[in-house]
Structures are given as structure tokens and as C-alpha cells.
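Everything below concerns the one structure shown next.
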Amino acid sequence: QIPCRQCVKCGGYAKPDYPGVFNAASYGHIECLTFYLQEHTDELEWLKDIREYGTALHFASAYGHVEAVKILLSYGALPGTPDTSQGRNSLLYACASNQFNCVAALLEHGPEIIDDVDVHGNTALMIGCTYGYFELVQLLLSMGANPDIQNDEGLTACHLVSSSEALQILHEYGANMYCV
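Below you can see the structure in the form of C-alpha cells.
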């Protein structure tokens, strides 16, 4: 029996769409995720099931469910997998939603994704700068984000920054300030 009524109501563990899995990730229902993972270890293809707006890990990351993110990662979910609509991975979703703890967990698991880009060439750092998420910008830079990457329009994080605090931290981490 699936532990959560909401996930059962939303579809449970039913092939081929596994809607309950995505809902459990979206709502941060740890008990249900654990149930799905432990009861169905022989068929975990849904961890790699890429939908228009991503995998179960994308949903958990975007909605700030850090424990769900950690569980999904421990079972093999891939943080660098892009969605099919914008080419954004779980890190980019977490950054767009200012989910600091999810960003930290994703980078702790897979630091190599820090400078991944979406279909427009935007990095997590660019997204943080655009929305003025100062603490997130600071975290990304402290973990090695490259502030001088250019997106498809030739813009860097310095061009996209929306707060003086973020611009100052970019400067402190050695961003090319002559581009602005």
C-alpha cells in the first residue's frame, strides 16, 4: 500500500507515466518516494524519465524539497539531465526558484554541473544574477561557478546582474568587470 493518499489519488505507481512519483517529488513526500524506490528497485527507469519540464529530480529541486533531492540522487537520479523544453537541468530549476539548499545538495553530489547551460546558454549563475538572488550567487561563486561564461547573446553574469550586492560579489570573485 502506498503510504500517501495524495499520491495514490494522483496516480500512484502506475505504468507508463508514474504520476505519483512525480507528484511525490513535487510535494516532497519522502515516505512515498522511499516506498517507490524500495519497493520497485528492479524498475527505476522513471528516475531517468525526461518529460517536457524534467525528471522527478527537476520537480523536487524546483519546489525546494532538499530531502527528496538527496533521496533521488542516492538512488541514481542524474542532476545534469536537461528537460526537453528549455534544456535546463535540476540545478538550473533550483536556481530559478531560489532553492538554496537544493542547489547546495545538487552541487555536493555533482559539482561538474555548476556551469551547465540551458538552450539559451544561460548558467545557474546567470539565473541567480538575473533574479537578484544574492545568497545563491555567493554560493555558486564559492563553489567554482565561472562568472565570465557568455550566453547565446554574448552576455555574462555581470550583464545580467540585478543588484549591486551581486555585482560586488562577482567583482570579488574575479569576474571580468570590463564587459559591463
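To convert, take the position in the sequence shown, counting from 1, and add 27; that gives this note's numbering.
We put the CB at the ideal spot given by N, CA and C, even for glycine.
Predicted, not measured: the structure shown is a model, and the values here were computed from it.
Your pair S124 and A89 checks out as a contact, with CB atoms roughly 5 Å apart and the cut at 8 Å. The three-state reading of DSSP puts G155 in helix, counting H, G and I together. Assignment of P138 by DSSP, reduced to helix, strand and coil, places it in the helix class. Under the DSSP assignment, H67 falls outside any alpha helix (DSSP H); it carries neither an H nor an E label. In the DSSP annotation of this structure, the continuous segment of the alpha helix (DSSP H) that includes L163 starts and ends at 161-169. The alpha-carbon of F49 is positioned some 11 Å away from that of L99.
Contact between G155 and L163 holds, since their C-beta atoms are separated by about 4 Å, short of 8 Å. Remark: C-beta atoms of Q113 and D145 approach each other more closely than 7 Å. Within a 10 Å sphere around the beta-carbon of N116 sit 16 or more other beta-carbons, which makes this residue buried.
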